[in-house]
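Encoded as structure tokens, the structure appears first; notes follow it.
Below you can see the structure in the form of structure tokens.
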């Protein structure tokens, strides 16, 4: 079955240290709460320091009625965002909101 690409949205995420484990969360200022879990490939954060921001394509989903989370397909391209690029992306997001 093919992936439904219309379900995926651009989301800015950042890596953070969660008691010794590097995890990924949405950046503050978007439609997604920063406590929402992000499921992605470990290769996404490998080789980048904690706190690095990325632009990914993600979809909101749940697994068998469990808690919702953002899913990032491992084969999609990932862009490392500089601080200026992250500010610009979030500013465009805010302007586009209804």
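Numbering (my numbering), first residue to last: 1121 to 1218. Idealized CB from N, CA, C, for every residue including glycine.
Relative to the ligand GDP, is the shortest distance from any of its heavy atoms to the C-beta of residue 1204 smaller than 8 Å?
As presented, the structure is devoid of all ligands, the ligand GDP included, so that no description of it is given.
Output yes or no for whether 9 Å exceeds the beta carbon distance between residue 1189 and residue 1135.
no
How many Å lie between residue 1216 and residue 1195 at the Cα?
Legend: pLDDT at residue 1216 = 49, less than 50; position of this residue unreliable, value from coordinates given subsequently. Distance between the alpha carbons of residue 1216 and residue 1195 is about 28 Å.
Taking the C-alpha atoms as reference points, what is the distance between residue 1121 and residue 1193?
For residue 1121, the pLDDT reaches just 46, beneath the cut-off of 50, and the residue's location in the model is therefore unreliable, although a value from the coordinates is still provided. Whole-angstrom Cα-Cα distance: 15 Å.
Those residues which DSSP pairs with residue 1175 across a bridge:
1132 and 1199
6 Å Cβ shell around residue 1165 - same chain, five flanking residues per side excluded
1135 and 1142
Less than 9 Å between the beta carbons of residue 1212 and residue 1176, yes or no?
no
Are the Cβ atoms of residue 1133 and residue 1178 separated by less than 9 Å?
yes
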